[in-house]
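Protein chains in written order, with the working numbering: chain A, 12 to 199; chain B, 12 to 199; chain C, 12 to 199; chain D, 12 to 199.
All C-beta atoms in this analysis are idealised placements derived from N, C-alpha and C, irrespective of residue type, glycine included.
Here the structure is a predicted model, which means the values were calculated and not measured.
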DNA sequence: AATGAATGAGTCTTCATTCAT
DNA sequence: AATGAATGAAGACTCATTCAT
């Protein structure tokens, strides 16, 4: 596999296991099964892997949303799928998501964040637009609303995954609460 | 000023300037104008300053909310004040809020997070409870809703302060969007 | 152009720009526009390029002296030409001359130094011999004197080129002083 | 002893033993009997010790000259003492002198070179001035002549110490040749 | 309680060298 | 002969932590 890809995947794993602070580049290369020096052919530092991880995470979320939603479904079902997707990917990247976030803001990469999230926002916005056009939900600025929805869902997911030792029941209650919250927020 | 206090304030500044990763204890003590060794009289490590920062931030938010809200106001006005407070404190702590968040999660301090946020959540929950009891808003689990509301407001605020060079107009539009979103989410 | 030649020329440039210590083989090959591995087909190490550079430099100096001096000229004019030649080539190789010098001495290539300078010394010595034989200058050991003369001229040149931002006036004064110094040193 | 001093002395020894290229900072600190990190409290890099060494060397030479010369001696004896001093110190710092020289030029410290040599030049110039005033030697620009004299003496010394395995006889012949050369160069 | 020079283990980072193409 | 991606040993450098003052 492509070395760059290997590094990113390994970094995600290692960051998750040890946290950013405690992660050594030597850990990453060990997991990626490449030589120490090879890392520096692709990334200049530990933190510079962050944008690449964020990109993967956002892409994953965008894809998860797009794939799980079917055109013929009710909008509330579609919204539910959306929330499920956000929860799933957030779970997958748990700890890491926050770390990535702070890893980005700690560097000069903040600007890239928006760029990275753009496709995700766009996909969600287009669904919301569709709902509004069909009169299912109230008129809003779909782009702004998309950001709010994703922000809310992520925040809800993080509250579950970050602070509670995993608890499927709690996870479901949180999903439901978020769903209900957003449904009410959007319905006409 | 009290040395502990000086350290916390200095840490906030330095974390903001350099990010957690790149912040050295020597940076903090330099900014705090104390000796290297003195740091250890108050904190055992760089990250252990985090809970103290988070505490300050959450307390300020809680206080800002409590102080800006008056009992006789309409619930939507109260909600608006709430959002204003969240935006104000998030702005004040901008980047740092994320850093604190991940700084906490990177260590064993995660548990403290909930403890720290509890008063804030409680205050907001009590307002929501009030609204629900008065029939202004629909019945929910006030505690869970409080978390969703704060999570949404923080997320909305971060989107403004982190990525856009400051823009008062945009800030207002974002506040308004969040307000409207939550009003619809909560109204009966 | 011949790759070996390209490497030598590139090395001179890079050594001058960065100094020996900071020069990487990767810098040399980049400047020479050849592949990293190609370097090793011609030289076993960075420092082993030194003798080749020194050789070029000494050869140029020797040639410059031989070509600029005409048999029928007065000995003082011949000496002046000699000094001019040393100054010209030293300027051309400025800093590098010192670097080469120390680059050679830093390794086991020291022995080669004398070998390399031998033709230059020999040429100068033969002129001095000629002057002495003709009774123009006092009797000395021509070989030893040749080394002193070249050493003095080089040292004088380095003082001009290394430390002063270029200054034609100063250059001339220095040449003149060196000339006068040597004339007095040699005249009967 | 002062740590900075310890580092400089150790560096001279180690540079001499291994050459600059092969010298590790760990070697220097080992010889200086200080911790690795302590080095960086005084010098930012290996090469930045160079100016300090050069300073010591120049100071040593200046002092050796000043101390070995007595006012009542003949000027030729004084000159001889001068040459002896240059030879002695050059021998003491042999290899190192060239390395220091190139170490300086390899960095941005070239400018410092003149600053460092200034006292030495000044001392020699004042002797030459004295000789000229007393009518012992011909009128010149004493400062420029001082540089030529030192340059010649150093160059002569290096030719002995750098390339020949030590040979007392050769050393004396070289000293004598240099002395005679300069005497002729300066006498009226 | 406060200091800050000194420490050295722990990492990062470089870069000469190799080797499959 | 030429290439240049990959290697990993070697060293540079950092920085949390200590402790004598």
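Legend entry - Residue range of the unbroken alpha helix (DSSP H) whose run includes residue 38 of chain D: Counted from its first residue, the fourth chain places residue 38 of chain D at position 27. Start and end: 36-43.
Legend entry - Buried/exposed call for residue 158 of chain B, threshold 16 Cβ in 10 Å: As a working note, residue 158 of chain B is residue 147 in the second chain. Buried.
Legend entry - Three CB pairs or more closer than 8 Å across the segment 79-92 of chain A and the segment 29-44 of chain A: no
Legend entry - Spatial distance of residue 155 of chain D from residue 35 of chain A (CA atoms): Reading the fourth chain from its first residue, position 144 is the one you call residue 155 of chain D. Reading the first chain from its first residue, position 24 is the one you call residue 35 of chain A. Near 58 Å, if we compare the C-alpha coordinates of residue 35 of chain A and residue 155 of chain D.
Legend entry - Cβ neighbours of residue 172 of chain A in the same chain (closer than 7 Å, five flanking residues each side left out): Residue mapping note: residue 172 of chain A aligns to position 161 of the first chain, counting from 1. Taken in chain order, the residues that qualify are 101, 102, 105.
Inset, instruction - Could you tell me whether the Cβ atoms of residue 60 of chain B and residue 165 of chain B are closer together than 8 Å? - result: Along the second chain, one-based indexing puts residue 60 of chain B at 49. Along the second chain, one-based indexing puts residue 165 of chain B at 154. No, these two residues do not count as a Cβ contact at 8 Å.
Inset, instruction - Output the residue ranges of the alpha helix (DSSP H) runs that lie fully inside the segment 138-174 of chain C and measure 4 residues or longer, sorted by chain position. - result: 153-174
Legend entry - Proximity test, Cβ basis, 8 Å: residue 27 of chain A and chain B: Walking along the first chain from the start, residue 27 of chain A turns up at place 16. Cβ-Cβ to chain B under 8 Å: no for residue 27 of chain A.
Legend entry - 6 Å Cβ shell around residue 131 of chain B - same chain, five flanking residues per side excluded: Locating residue 131 of chain B in the second chain gives position 120, where the first residue counts as 1. Result list for residue 131 of chain B: 69, 72, 73, in chain order.
Inset, instruction - Check each candidate in B:120, B:139, B:94 and name the one with the smallest Cα separation from residue 190 of chain B. - result: The sequence position of residue 190 of chain B within the second chain is 179, counting from 1. For residue 190 of chain B, the nearest C-alpha among the options comes from B:94.
Inset, instruction - Leaving out five residues on either side along the sequence, give the residues of the same chain with a beta carbon under 7 Å from the beta carbon of residue 53 of chain A. - result: By one-based count along the first chain, residue 53 of chain A stands at place 42. Only 14, 15, 18 meet the Cβ criterion.
Legend entry - Residues of its chain near residue 90 of chain D, where Cβ-Cβ distance is below 7 Å and the 5 sequence neighbours each way are ignored: Here residue 90 of chain D refers to the residue found at position 79 when the fourth chain is read from its first residue. 190, 193, 194.
Inset, instruction - Would you mind giving the Cβ-Cβ distance between residue 111 of chain C and residue 65 of chain C, rounded to the nearest angstrom? I have them listed as a contact below 8 Å. - result: Counted from its first residue, the third chain places residue 111 of chain C at position 100. Counted from its first residue, the third chain places residue 65 of chain C at position 54. With a Cβ gap of about 5 Å, residue 111 of chain C and residue 65 of chain C count as contacting.
Inset, instruction - Taking 8 Å as the cut-off, decide whether the C-beta atoms of residue 162 of chain C and residue 197 of chain D are in contact. - result: If you number the third chain from 1, residue 162 of chain C lands on position 151. If you number the fourth chain from 1, residue 197 of chain D lands on position 186. Not closer than 8 Å, so no.
Legend entry - Straight-line gap, residue 51 of chain A to residue 56 of chain D (C-alpha atoms, nearest Å): For the purposes of this step, residue 51 of chain A is taken as residue 40 along the first chain, with counting starting at 1. For the purposes of this step, residue 56 of chain D is taken as residue 45 along the fourth chain, with counting starting at 1. Cα to Cα, the separation comes out at about 23 Å.
Legend entry - Listed by chain order, chain C residues near residue 39 of chain D by CB distance under 8 Å: Counted from its first residue, the fourth chain places residue 39 of chain D at position 28. Under the 8 Å cutoff, chain C gives no residues; its nearest Cβ is about 15 Å from residue 39 of chain D.
Legend entry - Three-state secondary structure (DSSP) of residue 46 of chain A: Counting from 1 along the first chain, the entry for residue 46 of chain A is found at position 35. Looking at residue 46 of chain A - three-state DSSP - the assignment turns out to be coil, as it is neither helix nor strand.
Inset, instruction - Look at residue 205 of chain D and residue 141 of chain C and say whether their C-beta atoms are less than 8 Å apart. - result: Beyond the ends of chain D as shown, which are 12 and 199, falls residue 205 of chain D; an answer cannot be given.
Legend entry - Straight-line gap, residue 146 of chain A to residue 12 of chain A (C-alpha atoms, nearest Å): Within the first chain, numbered from 1, the residue matching residue 146 of chain A stands at position 135. Within the first chain, numbered from 1, the residue matching residue 12 of chain A stands at position 1. Distance between the alpha carbons of residue 146 of chain A and residue 12 of chain A: 47 Å.
Inset, instruction - Locate the alpha helix (DSSP H) running through residue 93 of chain B, then write down its first and last residues. - result: Taking the first residue of the second chain as position 1, residue 93 of chain B is located at position 82. Note, residue 93 of chain B: alpha helix (DSSP H), 86-103.
Inset, instruction - Can you give me the start and stop residues for the alpha helix (DSSP H) that residue 79 of chain C sits inside? - result: Within the third chain, numbered from 1, the residue matching residue 79 of chain C stands at position 68. That run of the alpha helix (DSSP H) goes 61-79.
Legend entry - Contact set between residue 98 of chain D and chain C, taken where Cβ atoms lie within less than 9 Å: Position 87 of the fourth chain, counted from the first residue, corresponds to residue 98 of chain D. In chain order: nothing, as chain C lies at least about 14 Å away.
Inset, instruction - Alpha carbon to alpha carbon, how far is residue 151 of chain C from residue 181 of chain D? Give it in angstroms, no decimals. - result: Within the fourth chain, numbered from 1, the residue matching residue 181 of chain D stands at position 170. Within the third chain, numbered from 1, the residue matching residue 151 of chain C stands at position 140. Near 16 Å, if we compare the C-alpha coordinates of residue 151 of chain C and residue 181 of chain D.
Legend entry - Residue environment, residue 28 of chain A, which counts as buried when at least 16 other CB atoms sit within 10 Å: Taking the first residue of the first chain as position 1, residue 28 of chain A is located at position 17. Exposed is the call here.
Inset, instruction - Throw me the rounded Cβ distance for the residue 127 of chain A and residue 62 of chain A pair, which I believe falls under 8 Å. - result: Sequence index remark: in the first chain, residue 127 of chain A carries index 116 (1-based). Sequence index remark: in the first chain, residue 62 of chain A carries index 51 (1-based). About 7 Å separates the two Cβ atoms, so the contact holds.
Inset, instruction - Go through its chain and collect everything with a Cβ distance to residue 38 of chain B's Cβ below 6 Å, but skip five positions before and after it. - result: Residue mapping note: residue 38 of chain B aligns to position 27 of the second chain, counting from 1. Excluding positions up to five away in sequence, the list reads 25.
Legend entry - C-alpha distance - residue 88 of chain D paired with residue 185 of chain D, whole-angstrom precision: Counted from its first residue, the fourth chain places residue 88 of chain D at position 77. Counted from its first residue, the fourth chain places residue 185 of chain D at position 174. Distance between the alpha carbons of residue 88 of chain D and residue 185 of chain D: 16 Å.
Inset, instruction - Measure the alpha-carbon distance for residue 107 of chain B versus residue 21 of chain B and round it to whole angstroms. - result: Along the second chain, read from residue 1 onward, the residue named residue 107 of chain B stands at position 96. Along the second chain, read from residue 1 onward, the residue named residue 21 of chain B stands at position 10. Approximately 12 Å, taken between the alpha carbons.
Legend entry - Short-range partners of chain D found in the segment 58-80 of chain C, where Cβ spacing is below 8 Å: 58
Inset, instruction - Could you give the DSSP three-state label for residue 195 of chain B: helix, strand or coil? - result: The residue you call residue 195 of chain B lines up with position 184 of the second chain. Residue state, collapsed to three classes: helix.
Legend entry - Boundaries (first-last residue) of the alpha helix (DSSP H) holding residue 177 of chain A: For the purposes of this step, residue 177 of chain A is taken as the residue at position 166 of the first chain. No alpha helix (DSSP H) holds residue 177 of chain A; DSSP gives it neither H nor E.
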